[in-house]
Amino acid sequence: MLMIKNIRNRINNNHLNIRKSTDISKSFIKHISRNLSISEHEEIIREEIETDVLIVGGGPGGLATAIKLQQLSQKHNKQLDITIVEKGSEIGSHIISGNCFETHALSDLIPNWKEKGAPIETEVKKDKFLILTKNGSFSIPEFLLPDGIHNRGNYIISLSQLCRWLGKEAEELGVNIFTGFAGNDLFYDDEKKIVQGIITNDFGIAKDGKKKASFQPGNVIKSKITVLAEGCRGSLTERAIEKFNLRSHPQHYGIGLKEVWEVPENHPHFFPGLVQHTVAWPLDIKTYGGSFMYHMKPNIIHLGFVVGLDYANPHLNPYEEFQKFKTHKDVRKYLEGARCIEYGSRCLNEGGYYSIPKLSFPGGVLVGDSAGFLNVSKIKGTHNAITSGILAAETIFEEICLKENTNYGQNLNKYEEKIRKSKINEELFLSRNFQGGFSKNLFFGLIHGFFTSLIKGKEFWEFKSKKSDSQYYNKASNSKKIEYPKHDGVLTFDLLENLARSGTNHDHDQPSHLRIKKDKLDSPMKSYKEYAAPEERFCPAKVYEFVKDDKDQPKLQINAQNCLHCKCCSIKMVDEYIDWNVPQGGEGPKYNLM
Ligand SMILES: Cc1cc2nc3c(=O)[nH]c(=O)nc-3n(C[C@H](O)[C@H](O)[C@H](O)COP(=O)(O)OP(=O)(O)OC[C@H]3O[C@@H](n4cnc5c(N)ncnc54)[C@H](O)[C@@H]3O)c2cc1C
Ligand code: SF4
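Right, dumping it as structure tokens:
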């Protein structure tokens, strides 16, 4: 109910065009009903909102698109309705990142961000890169590090805080921001084969699919251009990619786990501006991954661990690798006396240049991590998300406002051209074989990364993998079991204890947003029998558990209410058996400093 009230208030303020969707063609109505797991025969009347440009996702990519569009329309004295929908309860609440930030893209967008008080205060002062062994470490001197890994001139920030600030900037410019609204499906015209916006999620459907007293139907948000800025492995993005056949090479991913620690005053090892990256221990040399640690003023340590999802051993547990990593002497000294205040997890794109899909489709474009612009050699994607948002906005503005082309279903190929000529393309091309080098092993990856950086990406070879990450598992019977140490509750934590620090929450009485695909109903048992149920270990929120049924047989239980929206299960599940949908808007994690 609150959702609808919110939207009505905003609509009155912003003079958006609203009408009942009874005049939408019958085929649309059927399409909507089908996608909401309510009875096929039950017709849902939805309110329809019209906007010129709809942006799905209020991360750096989506916010940059909105800000740039509004700046351009004000400069040229044009009227443009720009709307962002964000599934988090507020901007920033679903944002999780490192974050060591390259500011140049933000300077392109808002040149006076410093004067305007952007929350960017801690300049990088020291850059350490360690190869960890069980009992020690080797430091790689700064001059030997590939160009991209240097961080001097960058800033240590909380990306969720920066997004909150960008959200306010966007609102001040007149952008409509609807938080607590999850894009549930594309609003697709079957006849014209174009996207005309999205349908937001319904509110108040019970677990059994029946409407509760609190039922409020989702809205149709109709738009000339739909910008998908959902971040890594967005659910609508995946649908658009499949529908329009945008992908020619699989995307690869890593899972990032993160804790935020608060250190007491005068901590002997706290040094604002310190950046430390590590590779190797506790991972073996065949598993791609490593850690980051960023010290931020006044007293915050951002600590994270990333594991490439092309790992082969189904017994590996990324969360436990992270906990074990903290016990290393070169890590624990920073945390002694400090307090863990937040925990979270999110996947990131690692495929880079080779995995970028076609970037536009009839009626929309992909920006930021939805497109896969993260540069894995730097573990940085924020600057590219912002730059792609700027370029998308420029293209949209040229078409809609300057050429006055207000047709639905436009294919903005010019955006693709702009990206190909941009810094994004340049840096992703230079590091195109970086991840492929590490898929051989750690030492090959390090030497190869150094060498290709020396020759400035002029290598003639291509390391491409045609397999998706879910296809890398070895059978459990051929894989070494891994024992992890017990948690002490001070430095290392049980998962459920840590999960409470994410603030995640979902109404229990709603259809699960994690559904087993209809053609993959046998895959959970295959996962259990042949691969020892890796979903019990890779999920950073203990959502998947095999429990015994009343005949003492194992069955899969999905604790969807714990979900952190990291998207790992949509990537790494055996046979990719999970269909990831958005839950009711406003639910999920409540990150503050992530
Ligand atoms: C562990 C980790 C460490 C990282 N470290 C760094 C770093 O140090 N430096 C750096 O530059 N980059 C780093 N990155 C990458 C960086 O965070 C991303 O590149 C950047 O956040 C991408 O921005 P985006 O706007 O494309 O997507 P996101 O930041 O993911 O934002 C997407 C937004 O869309 C919303 N959304 C998604 N789907 C829907 C939907 N269907 N309906 C409504 N809303 C939706 C989400 O809730 C979210 O708010 C890191 C990433 C991770 C995971
Ligand atoms: S259920 Fe999936 S998306 Fe949710 S936390 Fe677990 S792995 Fe991540």
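Sequential numbering of the sequence shown, starting at 36, is according to our numbering.
All C-beta atoms, glycine included, are put in the ideal place defined by N, C-alpha and C.
Quick caveat, the model's predicted, so the values are computed rather than measured.
Check: Backbone CA spacing between I593 and V578 [nearest angstrom]; Outcome: 5 Å
Check: Chain-order list of residues whose beta-carbon lies under 8 Å from that of A275 (same chain, five-residue window excluded); Outcome: L221, V230, L263, L281, F396, G399, L401
Check: C-alpha gap between L197 and C382, whole angstroms; Outcome: 20 Å
Check: C382: first and last residue of the uninterrupted beta strand (DSSP E) it sits in; Outcome: 374-384
Check: Option in T430, S193, K491, D162 with minimal Cα separation from F178; Outcome: D162
Check: V366 - containing alpha helix (DSSP H), residue span; Outcome: 364-370
Check: Residues with C-beta closer than 6 Å to any heavy atom of ligand 2, in chain order; Outcome: L549, C574, P575, A576, V578, C598, L599, H600, C601, K602, C603, C604
Check: Paired residues, beta bridge with T100 - DSSP; Outcome: Beta-bridge pairing links T100 to no other residue.
Check: W496 (DSSP reduced to helix, strand or coil); Outcome: coil
Check: Check whether L338 and L309 have beta carbons under 9 Å apart; Outcome: no
Check: Span of the beta strand (DSSP E) around M328; Outcome: 324-331
Check: Residue range of the beta strand (DSSP E) that includes N211; Outcome: 211-214
Check: Beta strand (DSSP E) segment containing H312, residue limits; Outcome: 309-315
Check: L338: CB within 8 Å of a non-hydrogen atom of ligand 1; Outcome: no
Check: Nonlocal neighbours in the same chain, by C-beta distance under 7 Å from P546, ignoring five residues either side; Outcome: S72, I240, K242, G244
Check: Test: H418 CB closer than 9 Å to a CB of chain D; Outcome: The structure shown contains no chain D; it is built from a single protein chain.
Check: S132 CB to nearest heavy atom of ligand 1 below 8 Å; Outcome: yes
Check: L409: CB within 8 Å of a non-hydrogen atom of ligand 1; Outcome: yes
Check: Check: F178 C-beta below 8 Å from any heavy atom of ligand 1; Outcome: no
Check: Identified DSSP bridge partners for N301; Outcome: Paired residues: none, contrary to the question.
Check: Beta-carbon proximity check, V88 vs T118, cutoff 9 Å; Outcome: yes
Check: Cut-off 7 Å between Cβ atoms - residues of its own chain near S270, not counting five sequence neighbours on either side; Outcome: W615, N616, V617
Check: Own chain residues within Cβ distance below 8 Å of K449, not counting five before or after; Outcome: T430, E433, E434
Check: Nearest-angstrom beta carbon gap, N460 and I454 [assumed within contact, 8 Å]; Outcome: 6 Å
Check: Proximity test, A248 beta-carbon vs ligand 1 heavy atom, cut-off 8 Å; Outcome: no
Check: Supposed contact pair I425 and S505 - C-beta distance, whole angstroms, cut 8 Å; Outcome: Not quite, the Cβ-Cβ distance comes to about 34 Å (not below 8 Å), so this is no contact.
Check: Host alpha helix (DSSP H) of E452 (start-end); Outcome: 448-455
Check: C-beta contact flag for E377 and E300 at 9 Å; Outcome: no
Check: Distance CB(S124)-CB(T272) smaller than 9 Å; Outcome: no
Check: 9 Å Cβ cutoff met for A406 and L107; Outcome: no
Check: Exposed unless 16 or more other CB atoms sit within 10 angstroms - verdict on E462; Outcome: buried
Check: I490, enclosing beta strand (DSSP E) - first and last residue; Outcome: I490 -> no beta strand (DSSP E), and no H or E assigned at all.
Check: Selected residue, minimal CA-CA separation from K499, among G188, G253, A140, N468; Outcome: N468
Check: Exposure label - N147; buried when at least 16 CB within 10 Å; Outcome: exposed
Check: C198 CB to nearest heavy atom of ligand 1 below 8 Å; Outcome: yes
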